[in-house]
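Enquirer:
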Amino acid sequence: MKFLMSLFDLRGLKVWRIIFALLVNLLVMAFLFVGLNALLVQQGGWQDGMDISLMLWVFLTSGLIGFGIAWLTHVERGISYAAWGSIGSFAVVTVLMSESGLLALLVGFMALMGGYNGGLIGYRLNQKKQE
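Here this note's numbering is used: position 127 in the sequence shown is 158, and no number is missing along the way.
1) Consult DSSP for Val-106 and reduce its assignment to one of helix, strand or coil.
2) My parser needs the beta strand (DSSP E) runs of 3 or more residues fully inside the stretch 69–125; what are they?
3) Would you call the CB atoms of Leu-54 and Ile-110 closer than 8 Å?
4) If you reduce the DSSP assignment to three classes, tell me which class Arg-42 lands in.
5) So, with DSSP's three-state summary, where would you put Met-144?
6) Step through the CB atoms of chain C and report whether any lies within less than 8 Å of the CB of Val-89.
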């Protein structure tokens, strides 16, 4: 629990980086869901297996953004910026999928985990580069 509290501790973090991470996640997830909506309109609705692919795409997209944020910050708290940014993805997913119930929470959880994992990979890459 102490690790989780230190991950979301705001002391020492720059506010503009957190806002940038949140905005990037919000915009990219919004565009992802606009594309998904266009796909669903063309294909005639929700089909089997789309929920798993949606979770995968949300995880990978949030992870890629988290990686970019953590890698570009070049600081030790890059994981925190990525985790704060993934909250933006979580917000978009839960608002747009609120009628889906449990699926909205699962996809939102994938956004949080993707941001954390991407941030961790970006942080480790920065550590390797500094050595």
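Note that beta-carbon positions come from the ideal geometry of N, C-alpha and C, so glycine has one too.
Values in this document were obtained by computation on a predicted structure and should not be read as measured data.
Expert: Considering the structure as presented:
1) For this step, residue 106 is matched to residue 75 along the sequence shown. Of the three classes helix, strand and coil, the one that applies to Val-106 here is coil, per DSSP.
2) Listed in chain order, nothing qualifies, since the stretch 69–125 has no complete beta strand (DSSP E) run of 3 or more residues.
3) One-based indexing of the sequence shown puts residue 54 at position 23. One-based indexing of the sequence shown puts residue 110 at position 79. No. Outside cutoff.
4) Taking the first residue of the sequence shown as position 1, residue 42 is located at position 11. Correct three-state label for Arg-42: coil.
5) Locating residue 144 in the sequence shown gives position 113, counting from the first residue. DSSP places Met-144 in helix when its eight states are reduced to three.
6) No chain C is present in this structure, which holds just one protein chain.
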